[in-house]
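Remarks on the structure that follows.
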Amino acid sequence: MSVWDGIVGQRAVIETLEQAASDPSKTAQSWLFVGPEGAGRGRLALAFAAALECPDHGDGTCSSCREVIAGTSPDVTVLATDKVAIPIEDVRAFVDSSEQMPSTGPWRVVIVSDIGRMAERATNVLLKEIEEPAPRTIWVLCAPSLQSVLPTIRSRVRTVRLSLPSDEDVARYLESPAEGRKPVPEAAARRAARLAQGNVDLARRYASIPGAIARRDRLIEGLLRTSSAFEAVVFADKLVEEAQRQAQDAADERVSRAQREFLEQQGYDPDDRRLPKMEPAMRAQYNRLGSGGEKKRLATRLTRDVLDRILDDAESVYRDVEIIHAHAQDAIGLLNLEQRDALVALAGSITRAEALDRVEAIGAARRRLHGNGMLPLVFEALACRLARVAA
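Heads up: take any position in the sequence shown, counting from 1, add 1, and you land on my numbering.
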């Protein structure tokens, strides 16, 4: 067993990080992990931190490794946010804490989950620490692309590039019992890997959450079936409502988990239905975790995440149509194999230029989504644009 067992399709990167962890005297103190969504930047950063703290450089079985991976190590902190941007106050606090000596391990490791979400003022606060870290501190910055990181930061770090793993790698990971997971049957693992397009987190979701693939099937079938403006508006409104419901459920679950973890960290029994007596400051901190404003903010962000994933699924329809137009089904393969007949019919009713036009429309909807456009209007307009294809 190893801390690297949950990292999929990144063998060359793992070898680089293993070498760095095994010779602390030569390791860089400022790193940048760059890779697309779903490539596993955050999991890789935690695995690297565990390997740095572990006496055996990441055996995965010692208490040090378990604490880092579980997020309970006093020497490993993660700077993340559910807000649009990482607040400058959070950055200042993490910079101050990075100056402290490690409590139990050889290093204090600070992970920034997405430096691309840090405003320039906040990045400037971080810049000096990245350039001259405290003697026993290692910074690990994560970002989806180099372009999302300021040049002043890029020039001061060692960059590691992640790539999306292959479908074969993802399927093999799902089929294995690693990390205490229940192995996924081969057919289900291969379908989840194909639909996730290299996104390990999404593949894990498809394989583990009941109904996740069925919901995606209904989406694709609805897109292919909708053939009037009225049907398009109804379909779009249902999509937004379903996304909001999923997001609210996920927000409730995250808040509940955060409150349980808070109680456990304070030495209370999280299964006790009676809320324990606490000091006023501690009670305020606990209540803040479950406040209505906190849940609403989290649900809003998660709604946009769900809708962004829906746009990926919609785009896959026209990706398949283009493959059919190019007679490349055997060479490349369709993503939505289960809807093959409907896709062939759609490809026969529109030109390649029209398919590309629909991809551009989906891209415009994505920009409006990230620009805080009104969700029902964004998706109603898109659904009407796509529905005319099938009319």
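Just so you know, even glycine gets a beta-carbon here, dropped at the ideal spot from N, CA and C.
Keep in mind the model is a prediction, meaning the values are calculated, not measured.
Can you name the start and end residues of the alpha helix (DSSP H) that residue i belongs to?
i	result
A123	121-132
A215	213-226
I70	64-71
S257	230-266
R173	168-176
R162	Per DSSP, R162 belongs to no alpha helix (DSSP H); it is in the beta strand (DSSP E), 159-162.
V110	Premise fails: V110 lies in the beta strand (DSSP E), 109-113, not in any alpha helix (DSSP H).
E54	42-54
V4	Here V4 belongs to no alpha helix (DSSP H), and DSSP marks it neither H nor E.
I89	89-99
L344	341-350
Regarding residue i and the ligand MG, is the C-beta to nearest heavy atom distance less than 8 Å?
i	result
T73	As for the ligand MG, it is missing from this structure, which has no ligand bound.
Near residue i, what residues of its chain come up, given a Cβ to Cβ distance below 6 Å and the 5 sequence neighbours on each side ignored?
i	result
A356	Y319, V322, E323
A172	A190, R191, A194
L142	L33, V113, I116
A392	In this prediction, A392 scores a pLDDT of 39, lower than 50, which makes its location untrustworthy; the coordinate-derived value is nonetheless stated afterwards. Closer than 6 Å at the Cβ level, and outside the excluded window around A392, lie S228.
R367	L312
Do you know how far the Cα of residue j is from the Cα of residue i?
i	j	result
Q245	D202	20 Å
I311	S98	39 Å
L383	I363	7 Å
F231	G41	41 Å
V307	D57	40 Å
R289	S257	12 Å
P281	P107	36 Å
D218	S177	26 Å
K27	P134	14 Å
A343	G223	11 Å
R162	R386	37 Å
D91	L80	8 Å
A95	T138	A quick correction: the sequence has Phe, not Ala, at residue 95. Cα to Cα, the separation comes out at about 12 Å.
V345	D331	14 Å
R284	D273	16 Å
L18	V111	16 Å
P377	Y207	26 Å
E339	A13	35 Å
V150	A213	33 Å
Provide the residue span of the beta strand (DSSP E) that contains residue i, from first to last.
i	result
L142	138-144
S31	31-35
R359	Taken as a continuous stretch (DSSP letters only), R359 belongs to no beta strand (DSSP E), being part of the alpha helix (DSSP H) at 353-371.
T17	Segment 12-23 is the alpha helix (DSSP H) holding T17; no beta strand (DSSP E) there.
V150	Unbroken run through V150: none, as it is neither H nor E.
L80	77-80
Looking only at its own chain, which residues have a Cβ that is under 7 Å from the Cβ of residue i, when we skip the five neighbours before and after it?
i	result
C66	V4, A51, C55, G59, D60
I70	V4, L47, A51
V9	G41, P166, D170, V171, Y174, V201
L1	Not covered by the structure: residue 1. The range shown for the chain is 2 to 392.
A388	T227, S228, S229, A230, E232, A233
E187	E176
A100	For the sequence presented, residue 100 should be read as Glu rather than Ala. Once the five neighbours on either side are set aside, the close Cβ partners of E100 are A135.
E68	S74
R305	L370
Relative to the C-alpha of residue i, which residue among the options is closest?
i	options	result
V77	R93, F263, T105, I87	T105
A251	K296, V234, T227	K296
T301	R226, R122, Q247	Q247
Q1	R137, A21, L336, Q11	Missing from the structure shown is residue 1; the chain here goes from 2 to 392 and no further.
Q286	E381, T304, R261, D272	R261
G37	T124, P145, R44, N125	Here residue 37 is Pro; the residue named in the question, Gly, does not match the sequence. Checked all of T124, P145, R44, N125; the closest Cα to P37 is P145.
P29	P136, V92, V126	The sequence as given places Ala at residue 29; Pro does not occur at that position. Considering only alpha carbons, the answer is P136.
I333	L303, R368, D168	D168
K395	L338, R205, P152	The first residue shown for the chain is 2 and the last is 392, placing residue 395 beyond what the model contains.
C63	P88, L127, M2	M2
G372	A315, E381, D309, E316	D309
R44	A22, T17, S23, G72	G72
I15	F49, D24, V35, G39	F49
Q148	V35, F263, H326	V35
S1	R12, F380, L53	Lying outside 2 to 392, the shown extent of the chain, residue 1 is not represented and no answer is given.
R353	L127, T153, L370, A327	A327
P211	R122, T153, V185, V235	V185
E121	M102, R109, P152	P152
Note down, in chain order, each residue of its chain lying with its Cβ closer than 8 Å to the Cβ of residue i, except the 5 sequence neighbours on either side.
i	result
V390	Confidence at V390 is low in this model, with a pLDDT of 45, below 50, so the placement of that residue should be treated as unreliable; the coordinate-derived value is given next. Taken in chain order, the residues that qualify are L347, S350, I351, E355, R359.
R341	L335
R269	According to the sequence shown, residue 269 is Tyr rather than Arg. The residues are P277.
L220	L240, I311, D314, A315
S31	I131, E132, P134, I139, W140, L142, R157, V158, R159
R255	L299
L128	T153, I154, R157
G374	none
Compare the C-beta of residue i against all C-beta atoms of chain D and say whether one is closer than 9 Å.
i	result
R261	Checking the listed chains, one finds no chain D in this structure; it contains a single protein chain.
- prompt: Could you give the uninterrupted runs of the alpha helix (DSSP H) lying entirely in the stretch 273-307, keeping only those of 4 residues or more?
  reply: 281-290
- prompt: Which runs of the beta strand (DSSP E) spanning at least 3 residues fall entirely within the stretch 183-211, listed in chain order?
  reply: none
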